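Read through the structure below, which is laid out as structure tokens, and then see the notes.
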Amino acid sequence: MDAEVVSSSRFAGRSVCVAGLGVSGRAAARVLAGHGARVTVVDARDGEEQRGHAAELEARGVAVRLGDGEGLPDGTELVVTSPGWRPDVPLLAAAATSGIEIIGEVELAWRLRPRDAAPWLAVTGTDGKTTVVRMLACMLTAAGHKALAVGNVGTPIVEAVTQPYDVLAVELSSYQLHWSSSLAPKAAAVLNVAPDHLDWHGSMDAYVAAKAKIFGPGCVAVYNAGDETSAALAERAPDVDRRVGFTLRVPRPGELGVVEELLVDRALTGDPGRQAAELAALADVHPFAPHNVANALAAAGLARAFGVPPEAVRDGLRAFVPDPHRIQHVADVAGVAYVNDSKATQPHAAAASLAAYEPVVWIAGGLLKGLDVDDLVRSCAGRLRGVVLMGRDRHRIAEALARHAPDVPVVDVPDTDTGAMDRVVNEASGLARAGDTVLLAPVGASFDMFANYPARGDAFIAAVGRLAGAARAAGPRNPR
């Protein structure tokens, strides 16, 4: 944690290009201008929303160039890029060719933090990041610390680092880590690693290398003992203080895990003579699912590395309120549970969701982003009652089902209009029996039909609501 703190004065008078007018880009521009940098923000978009943001920044002395996201402003000495910008876009490629340093908002925040800044407890992984940082923030708060969840969730980290917090729970995406070089959190976790964002990173090796950057010198490296890549990254990380695993099995020394109905710590008890500490009950984890228990253990590992006592881990889990669209129970209709996991936008996330229920009527489809679904379908075939497919790449899921689950009924819904989700939910209802779960775990991104995954989840919730209303109006039915 004693990494060199770079004084904010190094930015005074420097010409900095901020690439992107999103939340993190605007925050970076405001903070840099406040430290005396000459800031130019560039964005290829030029709509009403962008012009409104531009006016706000220009009032602070920031130059804004809309409708041109390719040209590097003359005299640029440093580029701060938004996480969505790929390394091969012309502006970033030009900066790299010219030897101009490119960093992200997270790296900027690390360099701007004061010497007495709050330590970081950092989280990355293909799935579960937001849930873990929010669980972690609840545990820290339950222990009496002034804590905040930041990074890829909530408040921009560049604005939070100068505030009087005791500790920050920091969610970091692979994009943000790619543009970071000097992070040294007090403790860090890699939850899991599965193929994702390969179109952005260019290869699986590059994606994994970005994740590996979270284990900075001197940190407690928290890893998933059941995930080969997570464990390997922790093992290979140089100069870490210690390595702590988490597992859904009975934990070995040096791990957190599950013993009967309890979450147990055998790594960070704080007492050499104490073999284990009971942290919480499985019943304290909600919503309950195996992957969410793993999330709770990861959060507990980070909290314990910061000195949080066992009772605060328990109280934090009890206080935790899950974000919408993550294994969210919507309603029970005629004995069938309807669950919204619209956030399951790639195979690893969908597999975790499907593993929590049986039997399942699976609603799937969307943009697969080049990811293979064969292993997913093969692993979940035995728990499927039926499948309803929607979205642009639904044919690829249908092909995998034909190979690995040929006896499972599949309904194809080609519609993309605003009523499509009602038809999808009605078809799923027709396949389900009392005691089943209808699960929206799309395995694909939402942009072919919806503005984002929350919009897709909201459409599902609304459609289930209409189905429930129709069922009430029709009266009870005989379960099949």
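To convert a position in the sequence shown, counted from 1, into my numbering, add 3.
Positions of the beta carbon are idealized from the N, C-alpha and C atoms, including for glycine.
As the structure is a prediction and not an experimental result, all values here were calculated from the model.
Excluding the 5 residues preceding and the 5 following residue i in the sequence, name in chain order all residues of the same chain whose CB lies nearer than 7 Å to its CB.
i       : result
Val-65  : Ala-32, Ala-36, Val-42 and Val-44
Ile-464 : Val-333 and Asn-343
Met-424 : Ala-462, Phe-463 and Ala-466
Ala-3   : Outside the shown range of the chain, which is 4 to 483, sits residue 3, and nothing can be said about it.
Gln-278 : Arg-269
Give a yes or no on whether the C-beta atoms belonging to residue i and residue j are separated by under 8 Å.
i       : j       : result
Val-342 : Thr-440 : yes
Arg-459 : Ser-345 : yes
Trp-123 : Ala-22  : no
Asp-410 : Gly-368 : no
Met-138 : Ala-299 : yes
Leu-81  : Val-19  : yes
Ala-150 : Asp-318 : no
Ile-217 : Ala-191 : yes
Val-247 : Val-225 : yes
Pro-313 : Ala-280 : yes
Val-363 : Val-467 : no
Asp-202 : Gly-373 : yes
Leu-143 : Val-311 : yes
Leu-488 : Pro-350 : Outside the displayed range of the chain (4 to 483) lies residue 488, so it cannot be described from this structure.
Ser-382 : Ala-354 : yes
Ser-183 : Val-109 : yes
His-148 : Asp-169 : yes
Val-67  : Glu-61  : yes
Can you have a look at residue i and say buried or exposed, based on whether 16 or more other CB atoms are within 10 angstroms of its CB?
i       : result
Val-83  : buried
His-398 : exposed
Val-262 : exposed
Ser-176 : buried
Ala-15  : exposed
Ser-449 : buried
Gly-25  : buried
Pro-445 : buried
Ala-286 : exposed
Gly-205 : exposed
Ala-98  : buried
Arg-388 : buried
Asp-331 : In the sequence under discussion, the amino acid at residue 331 is Gln, which differs from the Asp named in the question. Buried is the call here.
Ala-237 : buried
Pro-117 : exposed
Arg-269 : buried
Thr-79  : buried
Gly-422 : exposed
Candidates the options: which alpha carbon is nearest residue i's?
i       : options                               : result
Leu-259 : Gly-304, Arg-245, Pro-93 and His-294  : Gly-304
Ala-58  : Leu-75, Arg-29 and Asp-208            : Arg-29
Gln-166 : Ala-152, Glu-174, Leu-175 and Tyr-178 : Ala-152
Met-452 : Asp-418, Ala-471 and Ala-474          : Asp-418
Ala-283 : Gly-273, Val-296, Ala-292 and Arg-277 : Val-296
Gly-229 : Leu-94, Leu-194, Ala-213 and Trp-203  : Leu-194
Leu-69  : Asp-49, Leu-75, Gly-55 and Pro-76     : Asp-49
His-328 : Ala-352, Ala-423, Gly-273 and Gly-478 : Ala-352
Ile-105 : Met-142, Gln-179, Ala-359 and Asn-155 : Gln-179
Val-135 : Leu-320, Gly-394 and Ala-47           : Leu-320
Gly-39  : Leu-115, Gly-107, Arg-426 and Gly-55  : Leu-115
Glu-264 : Ser-27, Phe-291 and Ala-403           : Phe-291
Ala-435 : Asp-377, Ala-340, Pro-457 and Ala-476 : Ala-340
Note down the Cα distance separating residue i from residue j, rounded to an integer number of angstroms.
i       : j       : result
Leu-271 : Val-316 : 13 Å
Gln-53  : Ser-85  : 15 Å
Ala-96  : Gly-257 : 44 Å
Thr-348 : Asp-375 : 13 Å
Ala-359 : Pro-293 : 7 Å
Ala-140 : Leu-171 : 8 Å
Thr-250 : Phe-323 : 21 Å
Asp-130 : Gly-478 : 40 Å
Arg-17  : Gly-102 : 16 Å
His-289 : Trp-365 : 22 Å
Leu-75  : Asn-455 : 30 Å
Arg-13  : Leu-111 : 12 Å
Ala-212 : Asp-71  : 31 Å
Ala-474 : Asn-429 : 11 Å
Ile-160 : Asp-199 : 24 Å
Asp-420 : Asp-46  : 31 Å
Val-196 : His-181 : 15 Å
Grab me the residues of residue i's own chain with a C-beta within less than 6 Å of its C-beta, minus the 5 sequence neighbours each way, in chain order.
i       : result
Pro-220 : Ala-187 and Asp-242
Val-126 : Lys-132, Val-135, Val-136, Glu-174 and Ala-192
Skipping 5 residues on each side, what residues in its chain have a beta carbon closer than 8 Å to that of residue i?
i       : result
Trp-401 : The identity of residue 401 in the sequence shown is Ala, whereas the question assumes Trp. Closer than 8 Å at the Cβ level, and outside the excluded window around Ala-401, lie Leu-392, Val-413 and Asp-415.
Ala-308 : Leu-124, Lys-189, Ala-190, Val-223, Val-225, Val-247 and Leu-271
Val-484 : For the chain, the structure presents residues 4 to 483; residue 484 sits outside this window and is missing.
Please report whether the beta-carbon of residue i lies at a distance below 8 Å from any beta-carbon of chain B.
i       : result
Ala-477 : The structure shown has no chain B; it contains just one protein chain.
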